[in-house]
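The structure under discussion appears below in the form of structure tokens.
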Amino acid sequence: MGRITDAMKAYFRSEGWEGQEPEEGVLVFRFEDELGHQWGCLAIAHEDAEQLAFYSVILTQVPEARRAEVTNFIMRTNYGMQVGNFEMDLDDGEIRFKTSVDVENAELTNALCDNLVSLNLMITGTYFDGLMSVITGEKRALEVVGVLDDPDDDDDESDDEDDSDD
165 MGRITDAMKA YFRSEGWEGQ EPEEGVLVFR FEDELGHQWG CLAIAHEDAE
215 QLAFYSVILT QVPEARRAEV TNFIMRTNYG MQVGNFEMDL DDGEIRFKTS
265 VDVENAELTN ALCDNLVSLN LMITGTYFDG LMSVITGEKR ALEVVGVLDD
315 PDDDDDESDD EDDSDD
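Going by this note's numbering, the first residue of the sequence shown is number 165, and it counts up by one from there.
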């Protein structure tokens, strides 16, 4: 084992996360947030690159007919996001949210792992319902992204201002 794998395993052990290790340097988990949303989690230690990546994997794959609209959602959501990003496999419709850290010349501490994982889980939970509504076709990307990005924005005020130009 390498130092990234050792630190990653130590962190998840300290948090009580029981996962599977399908191969060296890879841990797989199932997660359920406080709202009952469930998704898969994947932690990968890239020893040669001295990096740790953590993924939240949405369990529903995007049907081919919905991939363009979901891509729109992902691009709009990722734009301006300071840490992490959503990505979609255009061949099979798998969606993941990724956070990662490069620890070349640095120690991978439990605090650093916790920041990486906690932020990932929080962002995935925040966007989960909106993403699912776009996957199922219930809503379009434009209907969802603005609301999620600025939930405190008063839409009524901006609508009134926009109406004056008509």
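Using N, Cα and C, we set each Cβ at its ideal position, and we do this for glycine too.
Just so you know, these numbers come straight off a predicted model, no measurement behind them.
Counting C-beta pairs with one atom in each stretch, the region 275-286 and the region 226-236 have fewer than three that are closer than 8 angstroms, which means they do not touch.
By a beta-carbon distance limit of 8 angstroms, Ser220 contacts Phe261. Their separation comes to about 5 angstroms. For Val309, same chain residues with a beta-carbon under 8 angstroms away, outside a window of 5 residues either side, are Phe237, Arg240, Thr241, Gly294 in chain order. DSSP places Arg304 outside both helix and strand once states are collapsed to three, so it counts as coil. DSSP, reduced to helix, strand and coil, places Tyr243 outside both helices and strands of the structure shown, so it counts as coil. Under DSSP, Ile208 takes part in a beta bridge, and its partners are Val190, Ala217.
Under the DSSP assignment, Asp170 falls in the alpha helix (DSSP H) whose first and last residues are 167-178. Put simply, the region 247-258 does not touch the region 204-213. Fewer than three CB pairs are less than 8 angstroms apart. In the structure shown, Val281 falls within a helical segment according to DSSP collapsed to helix, strand and coil. By the neighbour-count definition (other C-beta atoms within 10 Å, threshold 16), Thr263 is a buried residue.
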